[in-house]
Each structure stands twice: as C-alpha cells, then as structure tokens.
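Undergrad: Handing you this structure, nothing more for now.
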Amino acid sequence: MQMTSETLRVAARSDAPPSAASDTESPLHIHGLTVSYGDSPAIFSVDANIEPASMTAIIGPNGAGKSTLLKAALGIVPRLSGTISIFGKPLNEARRRIAYVPQRASVDWDFPARVIDVVMMGLYRELGLLHFVTKKHHDKAHACLDRVGMSDFAERQIGQLSGGQQQRVFLARALAQNSDLYLLDEPLAGVDAATERTIIDVLKSLKAESRTIVCVHHDLATITDYFDHVLLINKTRIAQGPVETAFTAENLISTYGGRLATAHIDQLSLPAA
Amino acid sequence: MTELLNALLLQSGYNAALVAVSAAMLGIAAGSSGTFLFLRKRALLSDAVAHATLPGVGVAFIVMVMLGGEGRDLIGLLAGSAISAFAGLLAVEWITKHTRLAEDAAIGAVLSVFFGFGIVLLTIIQTMSSGKQAGLESFLLGSTAGMLFQDALVIAIGGTLAVVATYTFRRPMTLVAFDADFAAASGRNVERIDLAIMGLVMAVTVIGLKLVGLILIVAMLIIPSVAARFWTNHTNNLIWIAGAFGGVSAYVGTAISAAAPSIPTGPVIVLICFAIFAFSMMFAPNRGVVAALAARRIFQIRVHRRQGLLAIARDEAIHDGLTLKVLTRAGFIRPDGVPTAEGRTQAAKALRDEKRWEVARAMNRDVAVIGRYDGLTPIETVLTNDEIAEIDRRINARAPLGGAG
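Just so you know, the sequences run in chain order B and A.
The first sequence begins at 3 in our numbering and counts up by one.
The second sequence begins at 386 in our numbering and counts up by one.
The following block contains the structure:
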C-alpha cells in the first residue's frame with residue numbers, strides 16, 4: 003500500500019480531467035435503450051457506442067427522440083429497457099465524469115440569479131452542502147465564463163441575456179463541472195453567429211483535451227465542419243459512425259424519409275463511396 | 386397602546402415574550418423555506434398540505450381522549466396533523482402521477498375533501514362530553530391565548546430546526562428549483578429534494594398551526610418571498626430577506642394579538658405580511674411601482690436626448706420643447722440652438738452606435754438581441770466585444786461605398 007510520489011502528484015492535479023486519455027472504454031455505451039411516454043415508444047431499442055475523444059452529432063427529424071435519448075442516457079427520464087454504461091461503469095458510479103447542457107428553453111430565465119450564480123451551480127458537486135464558496139471557486143467560475151467570452155457579464159441578472167448569451171452561460175456551467183463526457187441538447191439552436199462560433203471553438207478545444215462531446219444537432223449543413231461522428235436516429239437507430247462513412251445520402255433518406263428534398267440531401271452529405 | 390408597546394419590547398411577562406420570540410423563529414422558518422416553494426412554482430400545493438392537517442388534528446384529539454389522556458396535548462395534535470398533511474401531499478402527488486388530472490385539479494380536490502372531513506370531525510368533537518375540547522378551533526385561525534410555556538418552546542425549537550434545514554439544503558433546493566434536468570443529470574435525486582422542500586413546508590405548517598392557524602399559514606410561506614423578490618435578484622439574499630420579512634410579521638402580529646387577545650393571531654400576521662408586500666411593491670428599487678414610474682420618466686428623457694443627438698449629427702432642425710431642454714441642460718447645444726463641440730462629439734458617437742445596431746439587426750437572427758434594440762441602448766451593453774468587432778468589420782467592408790463612417 004505504498005503511494006509513490008508519482009501517484010501523489012497525479013492525485014494532486016485536481017484540475018485535470020479525473021482520468022483522461024488513458025481510457026479505452028467507451029465514454030458512453032447504450033444498449034437496447036427503449037423509452038416511452040405513455041403507450042408508444044419515443045425511442046425503441048437504440049444501440050450506440052460513442053468513441054473516446056470524439057465529437058458526435060445526434061441527428062434526426064423533429065420528434066425522432068434525440069433529446070429523449072440524451073435524457074434517458076443521463077437517467078433524467080426513466081427507461082423501459084436497455085443499459086447505459088459510462089466509461090465502462092454503470093451510470094450512477096460515473097456521474098462525476100458527465101456534464102450536461104440542457105435546452106435553453108427548459109428553465110425560467112426570470113429566476114433570481116446572476117450569471118456567476120448559474121456557473122457556480124456547476125461547482126455544487128464539489129462544494130457539497132456546507133462548504134463556503136472561496137476565492138478558488140470564484141476564480142474557477144470566472145475562468146469558465148472567460149472561456150465562453152462572457153466574463154464581463156458575471157454580475158448580470160440572467161433574464162437580461164440574449165438567447166445566445168444564455169446558451170454560453172449554460173456551457174460555462176458545464177465547463178465548471180470539469181468532466182470527461184459532455185452531453186449537449188441543441189446548443190446551437192437559435193443562437194447568433196458569434197455565439198455559434200464561440201461554442202464550437204470551446205467544444206473543439208475540449209475535444210483537443212481528449213474529452214468526448216455528444217451534441218443533439220439540427221443543422222445538417224454544418225455537420226461536416228463541426229463533427230467527426232454522427233448518430234442518425236428516428237425512433238430507432240438508423241446509422242452510426244464517422245462522418246465520412248455514416249453521413250451519406252442513403253442514411254439521410256432513411257432517417258428523414260420524404261421530409262428532405264433529395265437534391266438537398268445530395269448537397270449536404272458525402273457521396274456514398 | 387402601552388400594552389402593545391410592552392408586548393413589542395418583550396415587557397408583557399415571560400410567557401408572552403417567549404411566545405413572541407418563538408413566533409419570530411417560526412416566521413423566519415416560514416419565509417425562508419417558503420422561498421423554495423415560490424421558486425419551484427408550487428405555492429398552491431402548500432395550501433392543500435395546510436388544509437389537510439385538520440382531519441389529523443381531529444383524529445389525534447379523539448384518539449387521545451379515548452386512550453384516557455389529555456386531548457389537547459400539543460405534541461400529540463401536531464403529530465396527528467403531520468400524518469394527515471403527509472397523506473394529503475401523497476394524494477396530490479398520486480393523482481398527478483397516475484391520472485390525467487393536472488396538479489391544480491388534484492390540489493383543489495384534496496384541499497376541500499380533507500378540510501371538509503376535518504370540519505366534520507371537529508363538529509363530532511364538540512358533541513363529545515369529555516376532553517376539554519374548547520380551543521381546538523384555534524387551529525383554524527391561530528391564537529396566542531392560553532398558549533402554554535411548553536407549546537411556545539415546541540414552536541421555537543421546531544422553527545429553529547427548520548431554519549437550519551433550509552440553510553443546509555439551500556444549494557440542492559436552488560438547483561432543483563432552477564433546473565431540475567441539470568440537477569438530475571448531476572446525480573441529484575430530484576424527487577427526494579422536492580420531497581425535502583415539501584417536508585420543510587409541512588414541518589413549518591404543523592409547527593405554525595397553533596399560532597397562525599391552518600387557513601392562513603400559506604400566506605406566511607408565500608407572501609414573504611414574493612415581497613422579497615422585489616428587493617433582490619439573488620437567490621441567497623431572497624431566502625434571508627424573505628426570512629426577515631416572515632420573522633418581523635410574525636413577531637409584530639403576535640405582539641398585537643397578545644395586547645388584544647380577542648383578535649386571532651393568524652389574520653393579524655397575514656395583514657402585516659401584506660403591509661410589507663404592499664410597501665415592497667410600491668417602493669422597492671428597480672422592481673417597485675414608483676421605481677418603474679421614475680424609470681419611465683428617465684427613459685423618456687433618454688429618448689429625447691438620443692433623438693436630439695441624431696438630429697444634430699444629421700444637421701436637422703430641432704423643434705420639440707423637451708428635446709431642446711434636455712440638450713441644453715446636458716450642454717450639447719447653446720441656448721440659441723447651435724451645437725457645442727461636446728454636442729458634436731456625442732452626436733457622432735450616437736450615429737456610430739445606430740449604424741452598428743443597423744448591421745447587428747441585419748445579420749442577427751437572435752430575437753432576444755434584436756428585441757433589445759430600442760434606439761437607445763448602447764450596443765456595448767448588449768453584445769460581447771467579439772460580436773461588436775464582427776459588426777465593425779462588416780461596416781468597414783461597406784465603407785468604401787458609403788464614405789467615411
């Protein structure tokens with residue numbers, strides 16, 4: 003039971019992702035996941051295997067169950083069947099390694115909180131019930147705000163922010179959680195161009211730190227620019243894999259059916275090799 | 386009047402002083418724990434819980450009398466009321482979860498059925514021969530008359546514990562109230578935290594039964610935080626301002642009721658709560674009514690100032706009286722209407738801001754940002770620096786056509 007100086011040093015680096023890079027286990031493995039609201043399944047028997055340090059877009063038409071998939075993977079909505087494993091462990095043992103960015107519209111923005119308070123919520127796991135907020139926590143929260151270009155807005159009431167700024171605050175809160183796996187629900191929906199660029203830059207830098215990103219995404223035109231993997235779902239899984247092999251016209255037609263004009267699909271997707 | 390003053394200054398005897406202090410503690414507990422009810426938007430649920438206490442009071446009384454005990458033992462009555470309040474809470478949750486009825490319908494049904502049953506029980510108790518039933522109806526509207534030393538002690542200790550619990554669980558409760566999905570994703574048990582919020586509210590309700598009464602306790606849970614919301618935008622401050630409002634109203638209300646024992650305590654406390662609420666609504670800075678009127682006047686002046694500056698920048702004549710007054714007072718024009726150097730500088734700045742907004746609105750699809758355009762707000766206060774840099778880049782790209790900006 004001797005602790006070498008090496009392990010001590012590693013243990014002391016609390017700001018590094020808990021156990022990055024060396025992971026070979028899939029950050030998120032979903033097997034046979036079925037969720038239903040009432041009688042009809044929202045998603046049915048979905049399998050998915052997210053690659054470590056990848057950036058995956060979940061795409062599919064409205065009502066295909068994209069958000070439901072994320073929520074079920076996080077245990078926010080109950081599942082009828084299926085298993086979830088996070089870095090090879092059951093969900094509840096790996097919570098600390100996940101950060102979640104919900105849809106912006108899911109909260110009441112008139113809530114009495116400032117920007118910095120919301121970011122601080124990302125540190126609650128670390129703070130526990132009774133620890134006082136110290137300068138260290140404040141610095142951390144400010145660093146996260148800085149990373150999304152919002153440090154000037156720290157004292158602002160959250161209701162005064164634009165949609166894009168609200169989305170950045172949500173991302174900053176997730177950054178404060180300092181996790182290995184980031185699950186984001188439509189982070190680019192209805193945001194301005196500058197915010198979109200900022201968010202993508204942050205996500206790419208997270209990926210460069212060997213963290214894994216999974217985004218529900220709606221804009222097919224930007225898939226090839228932003229993501230390296232896609233997961234196409236419409237109630238069931240249609241296809242999954244690297245953008246080059248899975249983001250094909252054929253798969254898009256299976257996913258969206260008649261809802262996308264064929265000419266449009268040809269423009270967006272990669273030629274089926 | 387001297388009686389009231391004595392009661393306020395804790396000079397009406399040891400018992401009365403203890404009652405006033407315990408009432409204050411209860412008020413702080415109600416105000417602070419009620420904040421989470423308000424933030425979680427479940428205010429009405431507490432009304433159902435409060436009304437559901439009544440059958441418990443009746444049943445506990447009957448059981449204690451049948452066992453040959455003193456029917457008015459406060460601890461026994463409170464235990465009974467807690468059990469039936471919890472049953473009421475479970476009934477609301479069950480109906481909401483397992484039927485297609487919404488929560489408001491479930492609250493209405495549970496509240497009236499439990500309360501009706503409680504009234505029936507009280508009527509039966511009136512006809513019972515033994516057990517000193519007199520005073521049981523004080524649980525409806527609250528009373529300090531005939532309160533025992535140990536009753537006051539129960540209220541004081543219970544109130545203190547509720548305040549400590551509110552402080553301890555403020556973070557998880559805030560998290561769930563703001564963003565339940567995020568809380569669940571972080572591994573919080575949202576159902577259990579909701580139960581903790583309701584448990585706290587139930588505890589305060591039960592402890593406050595004797596003093597405030599079950600019909601009006603909901604006012605002590607909700608009004609303080611609603612009043613406090615006028616004064617702050619910050620969750621932690623909201624909790625403690627609401628606690629202070631609750632504490633003050635309960636303390637003063639109890640003192641008044643002690644000086645004039647014929648007035649039930651609950652209604653007096655609620656009226657003082659309301660006075661604090663009304664004052665907050667009128668006079669709170671930023672969110673109050675007076676502040677809103679003042680802000681409107683200031684806004685009007687800003688509109689005239691901006692319009693005047695833009696008119697100067699475009700070399701247009703100004704005729705509006707208020708505009709001329711505002712510009713003269715700011716030193717932007719001389720009394721004869723000729724712009725000063727300062728006026729010219731400010732006018733150029735206003736024009737540049739206007740141009741940036743124009744580009745921002747043309748390129749920005751974000752409704753929330755476009756909505757902030759009012760012709761007045763400097764763009765720097767709405768957009769981030771990188772966003773403005775992008776706009777300036779676009780303006781400069783256009784510049785060769787339109788001349789110097």
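Note that beta-carbon positions come from the ideal geometry of N, C-alpha and C, so glycine has one too.
On a predicted model such as this, the values are computed, not experimentally measured, just so you know.
Just the chain B side, please: which residues come within less than 7 Å of His483 of chain A by C-beta, in chain order?
TA: Correct list: empty, because the minimum Cβ distance to chain B is about 13 Å.
Undergrad: From this set, A:Val586, A:Val450, A:Ala565, A:Glu576, which residue's C-alpha is nearest Ala467 of chain A's C-alpha?
TA: The shortest Cα separation from Ala467 of chain A among A:Val586, A:Val450, A:Ala565, A:Glu576 belongs to A:Val586.
Undergrad: Would you please state the rounded distance, in angstroms, between the beta carbons of Ala415 of chain A and Val589 of chain A? I believe it to be under 8 Å.
TA: Sure, about 5 Å apart at Cβ, within 8 Å.
Undergrad: Taking 8 Å as the limit between beta carbons, can you name the residues of its chain near Leu709 of chain A, skipping five residues before and five after?
TA: These residues qualify, in order along the chain: Gly693, Ile703, Ile718, Gly722.
Undergrad: Using CA atoms only, rank isn't needed, just tell me which of A:Thr639, A:Pro720, A:Asn770 is closest to Leu411 of chain A.
TA: Among A:Thr639, A:Pro720, A:Asn770, the Cα nearest to that of Leu411 of chain A is on A:Thr639.
Undergrad: For Glu772 of chain A, which residues of its own chain have a beta-carbon under 8 Å away from its beta-carbon, when the five flanking residues on both sides are left out?
TA: Result list for Glu772 of chain A: Ala745, in chain order.
Undergrad: Using the Cβ count rule (16 or more neighbours within 10 Å means buried), how would you classify Arg305 of chain B?
TA: The shown model of chain B, from 3 to 275, leaves out residue 305 of chain B, and the question about it has no answer.
Undergrad: Please work out which residues of its chain come closer than 6 Å, Cβ to Cβ, to Leu205 of chain B, disregarding the five sequence neighbours upstream and downstream, and give them in chain order.
TA: Correct list, in chain order: Ile215.
Undergrad: For Glu312 of chain B, tell me which candidate among B:Ile32, B:Phe155, B:Asn180, B:Ala107 has the shortest Cα-Cα distance.
TA: The question about residue 312 of chain B has no answer here: the residues shown for chain B are numbered 3 through 275.
Undergrad: Can you tell me where the beta strand (DSSP E) with Ile61 of chain B in it begins and where it stops?
TA: That run of the beta strand (DSSP E) goes 57-61.
Undergrad: In terms of residue numbering, what span does the alpha helix (DSSP H) encompassing Phe113 of chain B cover?
TA: Counting along the chain, Phe113 of chain B falls outside any alpha helix (DSSP H), and DSSP gives it neither H nor E.
Undergrad: His33 of chain B and Ile100 of chain B - do their beta-carbons sit closer together than 9 Å?
TA: Result no, Cβ atoms of Ile100 of chain B and His33 of chain B do not sit closer than 9 Å.
Undergrad: How would you write the range of the beta strand (DSSP E) that His436 of chain A sits in, first residue to last?
TA: Premise fails: His436 of chain A lies in the alpha helix (DSSP H), 428-436, not in any beta strand (DSSP E).
Undergrad: Return the chain-ordered list of same chain residues with a C-beta closer than 7 Å to the C-beta of Trp742 of chain A, the five sequence neighbours on each side being excluded.
TA: Only Tyr758, Ile764 meet the Cβ criterion.
Undergrad: Ignore the nearest five residues each way along the sequence and tell me which others in Asp187 of chain B's own chain have a CB closer than 6 Å to its CB.
TA: Excluding positions up to five away in sequence, the list reads Ser69, Leu72, Pro104, Gln105, Val218.
Undergrad: State buried or exposed for Ser431 of chain A, treating a residue as buried only when at least 16 other CB atoms are found within 10 Å of its CB.
TA: Answer is buried; the Cβ neighbour count reaches 16.
Undergrad: Determine whether the Cβ of Asp759 of chain A lies closer than 9 Å to any Cβ atom of chain B.
TA: Asp759 of chain A does not count as touching chain B.
Undergrad: When the Cβ atoms of the segment 113-127 of chain B are set against those of the segment 136-156 of chain B, are three or more pairs found closer than 8 Å?
TA: Cβ pair count under 8 Å is three or more, so yes.
Undergrad: Under a Cβ-count criterion, where at least 16 other Cβ atoms within 10 Å of its own Cβ denotes burial, should Tyr39 of chain B be classed as buried or exposed?
TA: Label assigned to Tyr39 of chain B: exposed.
Undergrad: I want to verify the contact list: residues of chain A whose CB lies under 8 Å from the CB of Gly40 of chain B, in sequence order.
TA: Simply none; closest approach about 10 Å.
Undergrad: Could one say the Cβ of Ala782 of chain A lies closer than 9 Å to chain B's Cβ atoms, at least one of them?
TA: By this cut-off, Ala782 of chain A is not an interface position.
Undergrad: Three Cβ pairs or more, each shorter than 8 Å: is that satisfied between the segment 437-446 of chain A and the segment 489-500 of chain A?
TA: The segment 437-446 of chain A vs the segment 489-500 of chain A: in contact.
Undergrad: Would you kindly report the start and end of the unbroken alpha helix (DSSP H) that includes Arg690 of chain A?
TA: Per DSSP, Arg690 of chain A belongs to the alpha helix (DSSP H) from 674-698.
Undergrad: In chain A, what lies closer than 7 Å to Gly90 of chain B by C-beta?
TA: By Cβ distance, chain A contributes nothing, its closest Cβ being about 18 Å from Gly90 of chain B, past 7 Å.
Undergrad: Taking C-beta to C-beta, are Ala569 of chain A and Gly77 of chain B nearer than 9 Å?
TA: The answer is yes: Cβ separation under 9 Å.
Undergrad: Hey, how far is the Cα of Pro720 of chain A from the Cα of Tyr636 of chain A?
TA: In a straight line, the C-alpha of Pro720 of chain A is about 59 Å away from that of Tyr636 of chain A.
Undergrad: Measuring alpha carbon to alpha carbon, tell me which residue in A:Met513, A:Ile683, A:Asp738, A:Gly628 is nearest Thr545 of chain A.
TA: Here the closest residue by C-alpha is A:Gly628.
Undergrad: Answer with yes or no whether the minimum CB distance from Ser108 of chain B to chain C is below 9 Å.
TA: Of the protein chains in the structure, B and A, none is chain C.
Undergrad: Keeping to the same chain, check which residues put their C-beta closer than 8 Å to that of Ser24 of chain B; ignore five residues upstream and five downstream.
TA: Caution applies to Ser24 of chain B, whose pLDDT of 47 falls short of 50 and renders its modelled position unreliable; the value that the coordinates give is listed next. Excluding sequence neighbours, Ser24 of chain B sits near nothing in its chain.
Undergrad: Can you pull the chain A neighbours of Ile100 of chain B, defined as C-beta to C-beta under 9 Å?
TA: Under the 9 Å cutoff, chain A gives Ala570, Ser571, Gly572.
Undergrad: Using 8 Å as the threshold, is the segment 648-664 of chain A in touch with the segment 587-607 of chain A, meaning 3 or more CB pairs across them?
TA: Result yes; three or more Cβ-Cβ pairs closer than 8 Å.
Undergrad: In terms of residue numbering, what span does the beta strand (DSSP E) encompassing Asn400 of chain A cover?
TA: Looking at the DSSP string, Asn400 of chain A is not in any beta strand (DSSP E); the run it does join, the alpha helix (DSSP H), is 399-424.
Undergrad: Indicate whether at least one CB of chain B lies closer than 9 Å to the CB of Thr620 of chain A.
TA: Interface residue, yes.
Undergrad: Rounded to a whole number of angstroms, what is the C-alpha to C-alpha distance between His139 of chain B and Ala645 of chain A?
TA: Using only the alpha carbons, I get a separation of about 52 Å.
Undergrad: Within 9 Å of any Cβ in chain B, is that where the Cβ of Thr769 of chain A sits?
TA: By this cut-off, Thr769 of chain A is an interface position.
Undergrad: When you compare each of B:Asp49, B:Gln168, B:Ile88, B:Gly65 to Tyr184 of chain B by their alpha carbons, which one comes out closest?
TA: The option with the nearest alpha carbon to Tyr184 of chain B is B:Ile88.
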